[in-house]
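To start, the structure itself, in structure tokens.
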Amino acid sequence: MRRRAAAPAWLLRASLVACFALAAEPAVAQVPGMAQPVPTPAPSEPGPSAQPSEARGPTSAAEGGEDAVKLRPSLGQDVVWRDDWPRFQTWQYVLTGVQMAAAMGSLAIPSGGGRVDLGNDFDRGARDALRAEDYDSYIFARDLSDVGIVVLINHRIADSAFVTWWGYDKGSVAWQMAMIDLQTVSFTAAVNGIVAGVAARERPYANGLCLTREGELTSDCLGSKRYRSFFSGHSSTAFTLAGLTCMHHAHIPLYGHPVADGAACVSALGMAGTVAMMRVVADQHWVSDVLVGSSFGLVSGLAIPWIFHYSGGGSMSSASSESGERRPPAVTWNFAPTPGGIAVSGAF
Amino acid sequence: MALVYASSWGLREAHAQDVSDVPLTVGPRLDSGGVLDDFQPFWSIGKPRYFAAATFDVGAIFFRPELNLGWGKPHYAWGGLELSPQLSLAGTSTSIGAKMAVPGIMLRGGGRYHVWSNRNLLEPRESYTREQTELAVGPGSKYFTLDAEMTFDVNLPVGALVTVGSLHYVGGVPEPYNVFEQSLRLIVKPPLVWRSRTAYLFGLGQYDTARIGGVFEMLGSPARDEVMMRVGPAFAVALTHHLQATVVAAFPVMTKDALGLESADFGQVSISYRWATGDRWPEFP
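Same order as they appear, the protein sequences are chains A and B.
The opening position of the first sequence corresponds to residue 2 in this note's numbering, with each subsequent residue numbered one higher.
The opening position of the second sequence corresponds to residue 571 in this note's numbering, with each subsequent residue numbered one higher.
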């Protein structure tokens, strides 16, 4: 059983800044950094631990009892769901279901042949500069954006299932994280689906691929997908997932060290940025679609877990040790307006 | 279609899942072929009985429940009926069939009806590019398959070996079209297609609650003279007796088509939850 190294985070303080030119409404928010683990006992894990072990088969005493046979390793005890962090409530399960239904239902919104014309020189100039020149590059960029989404989704599931549940043996913490992820991603997907369906902005490839002999008969050009450009679902989802990764790692030391947890956040943001960029290169979206989607997604990914859960724990800067010693944050995040959009900076 | 994984503890159920897939990010991952199922002998506990059971497999973005009605020990050794609808953003498919599982062997036969909203049947060609598979000129992709499948799992001194073979009759495809078979990610000229998947996995941890290894897969469409080979890693962990997470990636290394990732599975994680009547220690999740 390996416990998290007790290295004081403030001695390891280093700075890193990741700036993303997100042309969104200027906003300033401060997300507290990783909270120090509080010496509260981990919530009781779900499972049949209360049952008599002798009646449960050779491996069934997985989670309880002195004689319990552990099904999983326990990497440490610092991964806890603090008592002052509200747990997922019944209404949130209902809301998440409604959001998922809305996201699916939005696919039925008729395209209308392009209701919104947001054409502008900025979008056209960026498209000319960035889009793929040939079909193979177009496919490559589109696939890469798909792969990026899968990587980000897998990262969230891996953090919950593989790291927290299996590695730390903290099923209840993993469940909370997974449900927060589901609630947040379904919110982003629902809003994106409705907006994209209602706006029905024509995708940029309508003026490229769809004008070619080989492209005009593809499903991309003939289907309703052609009119779901605003705003980018890939970008919003990717940045939502990245935001969630940052929030979870900022509050729960999943990787056991501030640098590792900070790296998880930064790499997720980098992957999300790649996904967003590839949507433009693949001619799937205008730059404005991607910028709005990225901004919305990032705000969603940071704000929803914070408002409904992690804000209950107070900020890292106010976290104190049992002795009353005030500890500086292990990880902090800052958002500041810039002339080009929003600058996101983090320090650990 | 399914595969089964064998535990290093001993004989275990041959648990089957349907192999289904749809385009990247909007459909279910390529089925693990069951190679990562069943970590614990939890389901071997109890007496044989009439039961209803289910496996709920979810991922990004698909939902694939499998409902079983039968006699025996659910999810372990049993015989009965299987109903498995599948939902994803790319379309739906529904299968019904009969299945029999005893430790080490699983047999399944049945039929599945597929409706894929993002696909069209393909005009015949010697080989296909990605672009050609995305042409929306043929009829919509609606067809049925009749499936027969057999799974064996063998425990080795280190790790376990699982082999699955399946034969499928593809019907409902008008002449002269071919079909991109979403479940297999293979372009098929009806009527027959076959698949063979072999997996080697070994356990991690005291009770092998994590499994890691690789898969090697061959698929063929005899009427097209096409044989595809895919290889890739696989990993899974048992979270509870009822819940597990799996990830399988399989990339084509030999095929005459140039479909890129369209014919691959690049490793979406899925979560599977099991339920059955008569479970003495039900738990959620």
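We put the beta carbon where it would ideally sit given N, CA and C, even for glycine.
These figures come from a predicted structure and were not determined experimentally.
Residue nearest to residue i in terms of C-alpha spacing, selected from the options
i	options	result
ALA671/B	HIS811/B, ARG800/B, TRP613/B, GLU704/B	TRP613/B
VAL148/A	ALA264/A, MET178/A, THR165/A, SER236/A	SER236/A
SER833/B	GLY679/B, GLY629/B, THR699/B	THR699/B
ALA127/A	HIS258/A, ILE308/A, PRO205/A, ILE150/A	PRO205/A
LYS171/A	PHE231/A, ASP79/A, ARG116/A	ASP79/A
ALA289/A	GLY263/A, ASP122/A, VAL81/A	Going by the sequence as given, residue 289/A is Ser instead of Ala. Closest option to SER289/A, Cα to Cα, is ASP122/A.
HIS156/A	ARG280/A, PHE297/A, LEU255/A, ALA277/A	LEU255/A
TYR739/B	GLY674/B, HIS811/B, PRO760/B	PRO760/B
TYR136/A	SER295/A, ALA277/A, LEU210/A, ARG280/A	LEU210/A
THR810/B	GLU134/A, THR97/A, HIS258/A, PHE163/A	PHE163/A
THR219/A	GLN702/B, TYR770/B, VAL758/B, MET720/B	GLN702/B
THR768/B	THR847/B, GLY783/B, LEU754/B	GLY783/B
LEU813/B	ARG755/B, TRP845/B, LEU789/B	TRP845/B
TYR139/A	VAL260/A, LEU303/A, GLY216/A	GLY216/A
GLU853/B	GLY271/A, ALA102/A, ILE150/A, SER173/A	SER173/A
MET279/A	GLY113/A, LEU303/A, ALA130/A, ALA102/A	ALA130/A
ILE675/B	GLY848/B, ASP849/B, THR733/B	THR733/B
THR779/B	LEU212/A, LEU242/A, TRP166/A, ALA191/A	TRP166/A
Sequence-distant residues of the same chain with beta carbon closer than 6 Å to residue i, five excluded per side
i	result
VAL817/B	PHE805, GLY837, VAL839
GLY198/A	SER107, ILE110
GLY512/B	Nothing can be reported for residue 512/B: it is not among the residues displayed for chain B, which extend from 571 to 855.
SER161/A	ALA175, MET178, ALA179
LEU299/A	PHE240, GLY244
GLY194/A	ALA104, SER107
SER665/B	ASP588, SER654, GLY680, ARG682
GLY234/A	ASN193
SER791/B	VAL758, LYS759, VAL763
ILE841/B	VAL628, ALA815
ALA277/A	SER236, VAL291, SER295
LEU731/B	VAL724, TYR770
LEU709/B	One detail in the question is off: residue 709/B reads as Pro in this sequence, not Leu. Closer than 6 Å at Cβ, skipping near neighbours: LEU691.
Sequence-distant residues of its chain with Cβ nearer than 8 Å to residue i (five each side left out)
i	result
ALA820/B	LEU600, VAL785, GLU787, ARG800, VAL801, GLY802, ALA834, ASP835
GLN184/A	PHE89, GLN93, LEU96, THR97, GLN100, ILE305, PHE309
GLY830/B	ARG700
MET824/B	VAL797, MET798, MET799
DSSP three-state assignment for residue i, whether helix, strand or coil
i	result
ASN690/B	strand
THR219/A	strand
ILE757/B	strand
GLY125/A	Going by the sequence as given, residue 125/A is Arg instead of Gly. Three-state DSSP puts ARG125/A in a helix.
PRO111/A	coil
PHE231/A	coil
ARG132/A	coil
ARG204/A	coil
GLY257/A	coil
GLY120/A	coil
THR185/A	helix
VAL743/B	coil
GLY198/A	helix
ARG214/A	coil
TYR169/A	coil
TYR770/B	strand
GLY244/A	helix
GLY58/A	Its pLDDT being 34, under 50, GLY58/A is placed unreliably by the model, and the measurement read from it follows with that caveat. Three-state DSSP puts GLY58/A in coil, outside helix and strand.
THR238/A	helix
GLY149/A	helix
Residues near residue i by beta carbon distance below 7 Å, same chain, minus five either side
i	result
TYR311/A	TRP86, MET248, HIS252
TRP686/B	VAL592, ALA660, GLY661, SER711, GLN752
Which runs of the beta strand (DSSP E) spanning at least 3 residues fall entirely within the segment 810–854 of chain B, listed in chain order? 813–824, 835–846
With a threshold of 8 Å, are at least 3 pairs of Cβ atoms found where one atom belongs to the segment 715–730 of chain B and the other to the segment 676–686 of chain B? yes
Would the segment 127–144 of chain A count as touching the segment 266–286 of chain A if we require 3 or more Cβ pairs under 8 Å? yes
Write down every uninterrupted run of the alpha helix (DSSP H) in the segment 616–659 of chain B whose length is 4 residues or greater and which is fully enclosed by it, in chain order. none
Meets three-Cβ-pair contact criterion under 8 Å: the segment 629–642 of chain B and the segment 652–666 of chain B: yes
Between the segment 224–231 of chain A and the segment 253–268 of chain A, are three or more C-beta pairs nearer than 8 Å? no
Could you tell me whether the segment 742–757 of chain B touches the segment 722–731 of chain B, where touching means 3 or more Cβ pairs closer than 8 Å? no
Runs of 4 residues minimum, wholly inside the segment 671–731 of chain B: which ones carry the alpha helix (DSSP H) assignment? 700–703
Entirely enclosed alpha helix (DSSP H) segments - the segment 78–107 of chain A, minimum 4 residues: 91–106
Kindly provide the ranges of any beta strand (DSSP E) runs that are 3 or more residues long and lie completely inside the segment 261–324 of chain A, ordered along the chain. none
What residues from the segment 221–235 of chain A come within 9 Å of chain D, judged by C-beta to C-beta, listed N to C? The structure shown has no chain D; the protein chains it does contain are A and B.
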